[in-house]
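A short worksheet on the structure shown next.
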Ligand SMILES: C[S@@+](CC[C@H](N)C(=O)[O-])C[C@H]1O[C@@H](n2cnc3c(N)ncnc32)[C@H](O)[C@@H]1O
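Residue numbers (our numbering): 20 to 269.
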């Protein structure tokens, strides 16, 4: 197993990154985080992707988006509001800024791109390093027990996207789970309906048990005030879709 997800072509290749926003629009995570950001003078988004959230909150506060994928950051910079934010090409575990933030977020299951425990611990250390004393953090990671990946089959995942220049895009996934490591490898395929042109990438993500998360958060000097089970604010249970800790420094 390697931590090569920062080289994931799904995010690093502009030809694939161009489909990200069509596939992942504004959702409950962004709405939830905008609510949290109301009290924050400064916000850091780790694994910010195409910067939808950061650009939305940038006009009213200091907003920084960090992501290792230059192709995603290029979309972030050029979206409306993107010129009012700061964008940094960086891995979540390696980022070290002088600045501290009132709110640090990591949405879209970006935490799951961290495949090893070392990489996860490094990202949590980055969060602890950059929080103000009263600052809050929040991130999401899918509950392994929910086995959401089982639905990422070509049949169940087929969807149609509307690209402004290429027209209809047929998109689907395929998936395999390594039983030894629990790492899920999934393929993402985009086919331009008119020309048949294909764009494909293979990505890997980790699914982390809640007790492991608890231990790593504590070791990083982070306290959890509330565990949510989804971005609608449902309580976290054994059958929740996600684990979403909201907290601050111990
Ligand atoms: C599913 S996207 C989520 C993007 C955005 N947070 C959202 O909610 O739409 C996952 C993002 O994690 C980024 N990523 C991959 N490896 C990373 C790492 N080591 N540190 C930080 N971000 C990483 C990818 O480049 C990608 O932009």
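Each residue gets a CB set at the ideal place from its N, CA and C atoms; glycine is no exception.
First and last residue of the uninterrupted alpha helix (DSSP H) at residue i
| i | result |
| --- | --- |
| residue 218 | Counting along the chain, residue 218 falls outside any alpha helix (DSSP H), though it belongs to the beta strand (DSSP E) covering 217 to 224. |
| residue 121 | Counting along the chain, residue 121 falls outside any alpha helix (DSSP H), though it belongs to the beta strand (DSSP E) covering 120 to 125. |
| residue 28 | 28 to 31 |
| residue 41 | 39 to 42 |
| residue 251 | Note, residue 251: premise wrong, no alpha helix (DSSP H); not H, not E. |
| residue 72 | 71 to 76 |
Residue i, enclosing beta strand (DSSP E) - first and last residue
| i | result |
| --- | --- |
| residue 54 | Residue 54 -> not in any beta strand (DSSP E); alpha helix (DSSP H) instead, spanning 47 to 56. |
| residue 257 | Counting along the chain, residue 257 falls outside any beta strand (DSSP E), and DSSP gives it neither H nor E. |
| residue 85 | 81 to 86 |
| residue 63 | 61 to 65 |
| residue 117 | First-last for residue 117: undefined, no H or E at that position. |
Sheet register partners of residue i (DSSP bridge)
| i | result |
| --- | --- |
| residue 246 | 264 |
| residue 241 | 268 |
| residue 107 | 85 |
Beta carbon proximity, residue i to chain B, threshold 9 Å
| i | result |
| --- | --- |
| residue 55 | Of the protein chains in this structure there is only one, and it is not chain B. |
Residue i: CB within 8 Å of a non-hydrogen atom of ligand 3
| i | result |
| --- | --- |
| residue 205 | The model on display carries ligand 1 but not ligand 3. |
Whole-angstrom C-beta distance between residue j and residue i, which should lie under 8 Å
| i | j | result |
| --- | --- | --- |
| residue 190 | residue 42 | 6 Å |
| residue 53 | residue 82 | So it is not a contact: roughly 11 Å between Cβ atoms. |
| residue 123 | residue 92 | Actually they are not in contact, since the Cβ atoms of residue 123 and residue 92 sit about 18 Å apart, beyond 8 Å. |
| residue 56 | residue 80 | 7 Å |
| residue 145 | residue 48 | Not quite, the Cβ-Cβ distance comes to about 19 Å (not below 8 Å), so this is no contact. |
- Query: Taking three-plus beta-carbon pairs below 8 Å as touching, is the stretch 155 to 169 in contact with the stretch 88 to 102?
  - Reply: no
- Which runs of the alpha helix (DSSP H), 4 residues or longer, sit entirely within the stretch 138 to 212? 173 to 176
- Given 8 Å as the limit, is there contact between the stretch 211 to 221 and the stretch 234 to 242, that is, 3 or more CB pairs closer than that? no
- Item | Cβ contact (3+ pairs, closer than 8 Å) linking the stretch 203 to 213 and the stretch 67 to 77 | Counting Cβ pairs under 8 Å, fewer than three are found: no touch.
- Query: Quick one: any contact between the stretch 164 to 177 and the stretch 244 to 259, if contact means 3 or more CB pairs under 8 Å?
  - Reply: yes
- Item | Cβ pair count under 8 Å reaching 3, the stretch 130 to 147 against the stretch 173 to 184 | no
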